[in-house]
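K.L.:
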Amino acid sequence: MFYNNRRNRQHHAAALVIIALLGLLVSACTQQPTTQIQATQTTNSGTTTGAAPSFPHTPPPLRTPGFGNAGQVAPTVKVLASVDPTLIIQFPLVPSGIKGKFPNASGLVTVFQNPQANDFDVLTVNVEHMPPNVKFTVFLTEIAAKPFGHAEYVGDLITREDGTGEATFHLITLVAFAADARQANVTTSDESGDASGIQLEHLGMWFDGVNSARQVLDDPTIAGTPFDGGHTPLHAGPQAMTDGQTLPVI
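In our numbering, each residue's number is its place in the sequence shown (first place is 1) plus 8.
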């Protein structure tokens, strides 16, 4: 009897020890050290205070910056409200060479500039109601209409089956110019004042190939133009879209 009581006491003591150990194990698994919590918060919020990250609740103020001088920029140009120091301008394109067959063709050009972020501008061209599945070339030009003057190739835009299309280019746009080193001290004015070379202040779109233009416009007599780097000097077709303005748009 004495032996049985002693054995029971030993079993009770062992059970208490096991229960205590289990309690410590559960506590260790469910509680995270304060230093670890702070370290986690430091990683997530970038602070060492352990406070939750804060976010701004008030949007930054918008401004409508000026573009060019009054009376020296085409009336079709719109300056959109933006956050300093960005400048966003837009102007429409209208049909020129395709007007007879595609009178509803339209385009919108958006120029985004942030001199603190990039040395280049972002130029986006959107079109609709255009000839479907046709490749066009985009050029900056000195003059909007013939003879166009100096020009700079920008890139290509290919329309979809429904006549829509868009293209985005990264390049110097608002202060683009053409220079001829054989002509010394040639300066013209842009929105920043006197600048080097001949300012390219208009934008147009041309048929990439003259054969494509002849097919789309159903006119085999259309002459080629140099507005594409094709296999012959007059590889491209006629102008399709233009800003149509006498005053500068860019």
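Glycine residues also receive a C-beta, built at the ideal position from the N, C-alpha and C atoms.
For S62, is the classification buried or exposed, using 16 other Cβ atoms within 10 angstroms of its Cβ as the cut-off for buried?
P.N.:
Exposed: under 16 other Cβ atoms inside 10 Å.
K.L.:
Touch check for the stretch 241 to 257 and the stretch 213 to 226: three-plus C-beta pairs under 8 Å?
P.N.:
Short answer: they touch.
K.L.:
Classify R168 as buried or exposed, calling it buried when 16 or more other Cβ atoms lie within 10 Å of its own Cβ.
P.N.:
With fewer than 16 other Cβ atoms within 10 Å, it is exposed.
K.L.:
In this structure, how does DSSP classify I45 when only helix, strand and coil are distinguished?
P.N.:
Low confidence applies to I45: its pLDDT is 45, below 50, so where it sits in the model is not reliable enough to give any reading.
K.L.:
Pair every Cβ in the stretch 131 to 151 with every Cβ in the stretch 99 to 112, then say whether three or more of these pairs are closer than 8 Å.
P.N.:
Counting Cβ pairs under 8 Å, three or more are found: they touch.
K.L.:
Indicate whether the contact test is met: 3 or more Cβ pairs, each with one atom in the stretch 83 to 100 and one in the stretch 114 to 129, closer than 8 Å.
P.N.:
The stretch 83 to 100 is in contact with the stretch 114 to 129.
K.L.:
Between I230 and I180, what straight-line distance do the alpha-carbon atoms span, to the nearest angstrom?
P.N.:
Distance between the alpha carbons of I230 and I180: 32 Å.
K.L.:
Work out the CA separation of A203 and T240 for me, nearest whole Å.
P.N.:
Between T240 and A203, the C-alpha separation is close to 34 Å.
K.L.:
If you count every other CB in all the chains shown that lies within 10 Å of the CB of P93, and 16 or more means buried, which is it?
P.N.:
Its Cβ having fewer than 16 others within 10 Å, P93 is exposed.
K.L.:
What does DSSP give as the partner residue(s) for A186 in the beta ladder?
P.N.:
The partner list for A186 (beta bridge, DSSP) reads I206.
K.L.:
Given a cut-off of 9 Å, decide if V257 and A59 are closer than it, judged by their beta-carbon atoms.
P.N.:
No, they are not a contact pair.
K.L.:
What number of angstroms, rounded off, separates the C-alpha of I106 from the C-alpha of D226?
P.N.:
About 11 Å.
K.L.:
From the DSSP output, in three-state form, read off R168 for me.
P.N.:
Note: R168 maps to coil in three-state DSSP.
K.L.:
Run through DSSP, which three-state label would V81 get?
P.N.:
Reduced to three states, the DSSP call for V81 is coil.
K.L.:
Rounded to a whole number of angstroms, what is the C-alpha to C-alpha distance between S104 and R222?
P.N.:
Rounded to whole angstroms, S104 to R222 spans 15 Å at the Cα level.
K.L.:
Please list the terminal residues of the continuous alpha helix (DSSP H) segment that includes V224.
P.N.:
Counting along the chain, the alpha helix (DSSP H) containing V224 begins and ends at V218 to V224.
K.L.:
What is the DSSP secondary structure of K154, reduced to helix, strand or coil?
P.N.:
Residue state, collapsed to three classes: coil.
K.L.:
Going by the beta-carbon positions, is the gap between F147 and V133 smaller than 9 Å?
P.N.:
Contact flag unset, no.
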